[in-house]
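Numbered per my numbering, the sequence shown spans residues 95 to 310.
Where a beta carbon is used, it is the ideal one built from N, C-alpha and C, also for glycine.
Only a predicted model underlies this, so the values are computations on that prediction, with no experimental measurement involved.
Written below as structure tokens is the structure these notes are about.
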Amino acid sequence: MATFIVLLGPPGVGKGTQAEILADTTKLAHVSSGDLFRENLKNQTDLGKLAKSFMDKGELVPDDVTISMIRERLSRPDCEAGAILDGFPRTPAQADALEKMLAEFQGRVDYVPFINAAEAILVERASGRWTCRAQGHIYHQKFGPPKRTNICDVDGSELYQRDDDKVETVSKRIKVYLEQTMPLVEYYRQKGVLVGIDGSQTVEQVTEKLLSALKK
Ligand code: ADP
Ligand code: ADP
């Protein structure tokens with residue numbers, strides 16, 4: 095049975111940062127829906143052009159295109175043992191679609207960490223985020239700066255600030271998250287796989303909590 099970990103939590107809480115670390119330790123693939131959309135945006139694909147109009151407003155990209163993008167990603171060989179899902183599912187319809195996909199791929203959602211922190215922390219983190227052009231590696235101007243200004247430590251590419259990390263758009267994304275994604279917390283709690291994680295601490299402290307809950 096392939097193992098899938100779903101990272102739940104509001105924008106800016108640290109899902110991408112923790113997903114990179116967890117992928118390293120568990121050797122599972124890191125599948126980030128936001129990164130996949132941004133890759134399409136960079137390559138100016140039709141999907142990228144469609145997604146951009148929603149992303150710029152801080153709204154969710156429609157379920158059907160999101161689901162088919164993820165289905166394609168999860169059918170690649172590096173997901174055979176499972177994956178860490180970062181940013182998907184984000185609506186009840188996406189969670190249902192994931193169940194169906196996993197039945198087909200013989201996978202199971204084993205662990206759903208729900209990482210949370212106060213809104214002021216989310217806004218401070220997202221608005222200071224710097225992202226790498228080449229592969230989406232994540233930095234923070236104050237909490238996790240790169241060794242060289244504006245250059246990714248890992249691949250040497252340029253760092254940029256996402257258009258949707260402006261304070262107004264972050265607040266809109268938090269609102270959308272509360273309305274459309276929060277129901278998933280209850281959904282996974284009822285399945286018995288949800289674990290609450292305090293996301294307000296340092297990266298290292300959050301990782302430690304995630305890993306100790308994973309071992310159980
Ligand atoms: P998400 O994927 O949930 O939107 P990210 O992992 O991209 O969140 O993190 C948002 C920003 O906050 C990034 O700039 C990241 O470097 C920073 N960050 C992540 N975790 C922490 C933490 N525990 N403490 C301080 N800053 C953090
Ligand atoms: P964050 O990590 O800060 O929450 P993401 O990179 O996950 O941000 O998402 C950025 C944007 O990409 C979202 O605001 C939304 O427009 C789009 N997006 C990402 N994942 C999904 C999804 N599962 N369903 C619909 N839209 C999504």
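Residue(s) in a DSSP beta bridge with residue i
i, result
"Thr139", "The partner list for Thr139 (beta bridge, DSSP) is empty, contrary to what the question assumes."
"Cys226", "Leu253"
"Ala145", "According to DSSP, Ala145 bridges with nothing at all."
"Gly286", "Beta-bridge pairing links Gly286 to no other residue."
"Tyr205", "Ile99"
Whole-angstrom C-beta distance between residue j and residue i, which should lie under 8 Å
i, j, result
"Ser127", "Thr160", "6 Å"
"Leu102", "Val279", "6 Å"
"Leu272", "Thr119", "No, Leu272 and Thr119 are not in contact; Cβ-Cβ is about 30 Å, not under 8 Å."
"Asp292", "Lys303", "7 Å"
"Gly181", "Arg267", "Contact flag wrong, Cβ pair sits at about 11 Å."
"Ser265", "Ala211", "Between Ala211 and Ser265 the Cβ distance is about 15 Å, and since that is not below 8 Å, they are no contact."
Sequence-distant residues of the same chain with beta carbon closer than 8 Å to residue i, five excluded per side
i, result
"Gln274", "Leu154, Arg184, Thr185"
"His234", "Arg219, Gly222, Arg223, Trp224"
"Glu114", "His124, His231, Ile232"
"Pro240", "Trp224, Tyr233, Cys246, Asp247, Leu253"
"Phe208", "Leu102, Gly103, Val279, Tyr282, Leu288, Val289, Gly290, Ile291"
"Gln323", "Past the boundaries of the shown model lies residue 323; the chain is included only from 95 to 310, so the question cannot be answered."
Contact under 7 Å by Cβ, residue i with residue j
i, j, result
"Pro105", "Ala220", "yes"
"Val287", "Ala307", "no"
"Val107", "Leu179", "no"
"Ala117", "Asp157", "no"
"Met163", "Leu130", "yes"
Any C-beta of chain B under 7 Å from that of residue i
i, result
"Met195", "The displayed structure is made up of one protein chain only, and chain B is not part of it."
Neighbourhood of residue i by C-beta, 7 Å cutoff - its chain only, sequence neighbours within 5 removed
i, result
"Leu192", "Pro183"
"Leu144", "Val159"
"Asp259", "Ala220, Ser221, Arg223"
"Asp257", "Asp150"
Residues near residue i in its chain [Cβ-Cβ closer than 6 Å; skip 5 each side]
i, result
"Lys236", "Gly222"
"Leu122", "Gly176, Ala177, Ile178"
"Lys109", "Leu101, Gly103, Asp180"
"Cys173", "Ala123"
Any non-hydrogen atom of ligand 4 closer than 6 Å to residue i Cβ
i, result
"Ser147", "Here the bound small molecules are ligand 1 and ligand 2; ligand 4 is not part of this structure."
Are the segment 194–204 and the segment 142–157 in contact at 8 Å, needing three or more beta carbon pairs? Counting C-beta pairs closer than 8 Å gives fewer than three between the segment 194–204 and the segment 142–157, which falls short of the contact rule.
For this session: Check whether the segment 287–300 touches the segment 188–199, taking contact to mean three or more Cβ pairs, one atom from each stretch, closer than 8 Å.
Result: No: fewer than three Cβ pairs fall under 8 Å.
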